Amino acid sequence: MATEKLSPEVQKIQETVVGMYSENPWPLNRETDEEMGWRLKCLGIVPEDYQNKRVLEMGCGTGEYALWYAKNGAAQVTGIDLSDGSLAIARERQQEMAADHVDFRKMDILNCDLPTDYYDFSYSVGVLHHTGDPLRGFRHLVRTTRPGGIVMVSLYSKYSRRLLRAKQQTCKMLGGDDIDKRVEWGEKLFSGTLRKLDKRYHGLNTKQIAYDIFGFPHESLHSAGEVLRWFDDNAVDYKGSFAPLRIQDYFYAFSLPEYAVFRSTFSGFPVMRWVADLMDMVSKRIIDSESSIVEFPRPGALSRCLSQTMWIPFGLRFNCFTMAGIKRD
Ligand SMILES: C[S@@+](CC[C@H](N)C(=O)[O-])C[C@H]1O[C@@H](n2cnc3c(N)ncnc32)[C@H](O)[C@@H]1O
41 MATEKLSPEV QKIQETVVGM YSENPWPLNR ETDEEMGWRL KCLGIVPEDY
91 QNKRVLEMGC GTGEYALWYA KNGAAQVTGI DLSDGSLAIA RERQQEMAAD
141 HVDFRKMDIL NCDLPTDYYD FSYSVGVLHH TGDPLRGFRH LVRTTRPGGI
191 VMVSLYSKYS RRLLRAKQQT CKMLGGDDID KRVEWGEKLF SGTLRKLDKR
241 YHGLNTKQIA YDIFGFPHES LHSAGEVLRW FDDNAVDYKG SFAPLRIQDY
291 FYAFSLPEYA VFRSTFSGFP VMRWVADLMD MVSKRIIDSE SSIVEFPRPG
341 ALSRCLSQTM WIPFGLRFNC FTMAGIKRD
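This is the structure we're talking about:
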């Protein structure tokens with residue numbers, strides 16, 4: 041594939057973002073098992089979608105998700121990223137796992153030289169919003185996926201990231217272009233925010249969280265409606281969302297046994313855990329998840345508006361949303 045030149049603005053963003061993640065790889069450690077079961081089920085993704093399949097992660101960081109799919113039955117996993125620091129950790133872990141079916145490559149997701157219509161399951165989690173041209177990255181994600189394959193994308197929410205954005209702007213104002221200074225200000229002024237997130241990651245990423253949140257080299261914010269338009273324009277049919285985008289899908293989500301494991305990611309967020317436990321109790325009484333839907337209709341404008349409004353008070357824990365789709369044949 042011929043590479044297209046990046047604009048000087050996007051090039052500058054890329055250098056700053058990749059430089060930051062190279063020095064402060066994300067995530068240093070994650071208990072991936074605790075979040076994957078419930079999240080994938082809420083997205084309508086089943087093990088058959090990735091087991092014995094070709095999987096691609098765009099912006100794999102330290103490879104935690106890629107290695108999770110490798111461990112859970114994927115036939116071949118490719119992870120691409122530009123940050124040397126993150127890739128070094130990813131490769132070290134791959135060797136420890138002796139995962140010969142995983143390949144970590146240094147490659148730009150905006151100029152991605154991977155085959156067209158090849159992967160069965162392609163995803164990008166928490167990356168496109170850092171690129172300066174997320175739609176271009178999304179197009180590559182779809183291009184590399186085979187017709188009938190799954191595309192999954194996770195982006196910062198325009199709504200639930202708002203409060204955090206105000207804190208980030210304060211750090212940016214005080215620290216200027218110096219990322220280390222911004223982080224220092226974040227640690228001084230918003231230590232409570234960092235403590236909460238530190239609990240959510242069970243103390244595994246203390247310094248990395250500060251950089252991921254307050255280093256703030258570049259990020260764009262997005263809405264579910266916008267991602268649906270990307271789906272439409274690139275021949276992708278909606279499959280599901282996490283958190284759900286229709287009220288009735290919350291009842292299904294909380295009726296699932298997998299919530300019990302995901303629940304530990306609410307440490308640091310007691311009010312959210314209390315609300316979630318209440319939903320869990322109610323949902324299990326009214327829905328039998330064994331015989332229930334596993335296909336989610338495309339959410340209408342009102343449902344999207346209600347759900348995204350509901351996400352706002354839970355913004356610190358849920359400031360990224362995930363949407364999955366199927367590439368049309
Ligand atoms: C927040 S981390 C996400 C890592 C991983 N997806 C996860 O959630 O575990 C963002 C990653 O995107 C990578 N990245 C940003 N822009 C990129 C680009 N244009 N091409 C490849 N990787 C990029 C960074 O190097 C960094 O490792």
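Counting along the sequence shown from 1, when you hit position 62 you're at 102 in our numbering, and nothing is skipped either side. Note that the Cβ used here is the ideal one computed from N, Cα and C, for glycine as well. Being a predicted model, the structure only gives us computed values, none of them experimental.
| Item | Value |
| --- | --- |
| Can you tell me which of E136, G113, G340 and G255 puts its alpha carbon nearest to the alpha carbon of P87? | G113 |
| When DSSP labels each residue in this structure, what does M137 get in the three-state scheme? | helix |
| Which of the three DSSP states, helix, strand or coil, is assigned to I85? | coil |
| Would you kindly work out how many angstroms separate the C-alpha atoms of T305 and R240, rounded to a whole number? | 5 Å |
| Please tell me whether, using a cut-off of 7 Å, the distance from the CB of D124 to the nearest non-hydrogen atom of ligand 1 is below it. | no |
| Going by DSSP, what residues sit across from M321 in a beta bridge? | DSSP lists no partner for M321. |
| Indicate whether the contact test is met: 3 or more Cβ pairs, each with one atom in the stretch 74-83 and one in the stretch 271-284, closer than 8 Å. | yes |
| Alpha carbons only, please: which of G340, R313 and V276 is nearest the one belonging to R357? | R313 |
| Tell me whether I149, by its Cβ, gets closer than 7 Å to a heavy atom of ligand 1. | yes |
| Between the stretch 175-190 and the stretch 205-216, do at least 3 Cβ pairs fall closer than 8 Å? | no |
| Let me confirm a value: G255 is counted as buried when at least 16 other C-beta atoms fall within 10 Å, else exposed. Which label applies? | buried |
| Got a sec, what are the start and stop residues for the alpha helix (DSSP H) M60 sits in? | P48 to E63 |
| Quick test of your reading: S126 and S200, contact by CB under 8 Å. State the CB separation rounded to the nearest angstrom. | The pair is not a contact, with the Cβ atoms about 26 Å apart (cut-off 8 Å). |
| Would the beta-carbon of V191 fall within 8 Å of that of K367? | yes |
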